[in-house]
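Colleague:
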Amino acid sequence: MDFLVDKYHHYAALYDQVWELRDRRMDEWPMMGSPLPTIFLCLSYVYIVKVWGPNYMKDRKPMELRGFLIVYNLLQVFLSTYIFVGLIFAGWGGQYSFRCQPVDYSNDPQALAMIWWCWLYYMSKFTEFFDTFCFVARKKFNQVSLLHVVHHGIMPLSVWPGARFVPGGHASFFGLLNTFVHIFMYFYYFVAALGPEYKKYIWWKQHMTTLQMVQFVGIMIHGFQLVLYDDCKFPWQFSYYIGAHAIMFFILFSQFYVQAYLMPNKSKTASTSSRNGKAKALKEE
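According to the UniProt record's numbering, the sequence shown is numbered sequentially starting from 1.
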């Protein structure tokens, strides 16, 4: 029992030490007082989309959410554009360095603008839970994949430490790239929600996945390049933390790309070869 008590005090002291490093400008901001609300919401999301939601919909008809999806995806396009442009004007449009950018912890108006955009980017990750909620409500359970749930469920947890400790600086490049990609992603979903007659306009689905993978490569390079700059005053731990997440998502999206686009083509080629072989054999007989 004493061992457990000692461990508790050890980790409590460690937590307090880390907590002292927080950006105190955000002490009164919603969801910034503790990581627990974020953890709770992310765990609730996983429970809803993997357990409660499928059980609730099991004996019910799929919901028709076309109107909701049109409005929702269009709003996500606007929100992503809003945050992307905000991050550009707050620093990434010329004032920030792509090689090494420390966090400005002052109360300068531009520094305060940057922490607002970082916080809003963090909050926007919760709105994306509705992507999965709609899949469940429409009984599109095949789309509630491991990649999808991990990607959406872990993003708020990934972004919270950055928003709380380093809102701005080098790490905010992640949000810049991610919102840029989401502008196109949610526009794709918006057009898809308009109906089958608009499907011909979204032939670029495969390229959308490629863009997402390029995004993660860019984040990896941008994060891990700090190893070349010993004098950079941005905490390298956060940059490597983000880079590690980018590696994880790149692997997951690569697996999806292979399964969704490469394997079906191989199967189609093999099937065509088999039919041609049978036809040739019959002809020879």
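Idealized CB from N, CA, C, for every residue including glycine. From a predicted model like this one, the values you see are computed outputs, not experimental measurements.
Using the C-alpha atoms, what's the distance from tyrosine 121 back to leucine 112?
Modeller: If you take the alpha carbons of leucine 112 and tyrosine 121, they lie about 14 angstroms apart.
Colleague: How should alanine 281 be labelled, buried or exposed, when 16 other C-beta atoms within 10 angstroms of its C-beta is the threshold for buried?
Modeller: Note that alanine 281 scores a pLDDT of 42, beneath 50, so its modelled location is shaky and nothing firm can be said.
Colleague: Distance, Cα to Cα, phenylalanine 256 vs threonine 210?
Modeller: Going by the C-alpha atoms only, they are around 11 angstroms apart.
Colleague: Candidates Val214, Tyr261, Lys233: which alpha carbon is nearest phenylalanine 250's?
Modeller: Selected option, being the one with the closest Cα: Val214.
Colleague: Do the segment 61–69 and the segment 174–184 make contact, defined as three or more Cβ pairs closer than 8 angstroms?
Modeller: Touching, no, given that fewer than three Cβ pairs across the two stretches are closer than 8 angstroms.
Colleague: Residue range of the alpha helix (DSSP H) that glycine 67 falls in?
Modeller: Start and end: 66–87.
Colleague: Could you say which of Asp6, Pro167, Leu43 lies nearest to methionine 114 if we only look at CA atoms?
Modeller: Looking at the Cα atoms, Pro167 is the closest of the given residues.
Colleague: Should leucine 252 and valine 150 be called a contact, given that it needs their Cβ atoms to be closer than 8 angstroms?
Modeller: Going by C-beta atoms, leucine 252 is nearer than 8 angstroms to valine 150.
Colleague: How about the segment 49–65 and the segment 136–150: do they share at least three Cβ pairs that are nearer than 8 angstroms?
Modeller: Yes: at least three Cβ pairs fall under 8 angstroms.
Colleague: Note down, one range per segment and in chain order, each alpha helix (DSSP H) of at least 4 residues found wholly within the segment 148–181.
Modeller: The qualifying runs do not exist here; there are none.
Colleague: I want to know whether the segment 181–201 touches the segment 71–83 - three or more CB-CB distances under 8 angstroms.
Modeller: The segment 181–201, when compared against the segment 71–83, does touch it at the 8 angstroms Cβ threshold.
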